[in-house]
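Note sheet for the following structure.
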Amino acid sequence: MARRDAGHRHLNDAIGGDRNPSAENIALWIYQTWTGDYPELTAVRVSETPKTWATYRPATAVAARMGHADD
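With the UniProt record's numbering applied, the sequence shown corresponds to residues 1 to 71, in that order.
Here you go:
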């Protein structure tokens with residue numbers, strides 16, 4: 001992560017000390033934090049290992065990408 005809000009910080013502090021810094025929560029936090037600056041962002045994937053990851057993809061982003069934003 002190259003942004004000031006997460007760079008060189010302990011992830012517990014970056015996403016909120018009361019949340020578990022799981023890949024799922026980190027992906028959600030990145031999406032919520034970055035979507036204002038990157039409105040074209042439709043999903044965030046956080047890799048734990050080369051074979052495991054968590055993807056956050058809100059239903060509205062998927063619907064908008066498919067042209068069904070009102071669904």
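The C-beta atom is built at its ideal place from N, Cα and C for all residues, glycine as well. This structure is a prediction, so every number in the text was calculated from the model and none was measured.
- Sequence-distant partners of Leu41 (beyond 5 residues in either direction) whose C-beta falls short of 8 Å from its own C-beta, in its chain, are Tyr31, Trp34, Thr35 and Ala61.
- The C-beta distance from Trp53 to Val46 rounds to 6 Å, short enough to fall under 8 Å.
- For Trp53, the beta-bridge partners assigned by DSSP are Ser47.
- For a cut-off of 8 Å, the C-beta gap from Leu11 to Tyr56 is around 15 Å, too long to register as a contact.
- Listed in chain order, the non-local C-beta contacts of Ala23 below 6 Å within the same chain comprise Val46, Glu48 and Ala54, local neighbours out to five positions each way being set aside.
- Cβ neighbours of Pro21 within its own chain (closer than 7 Å, five residues either side excluded): Leu11, Asn12 and Ile15.
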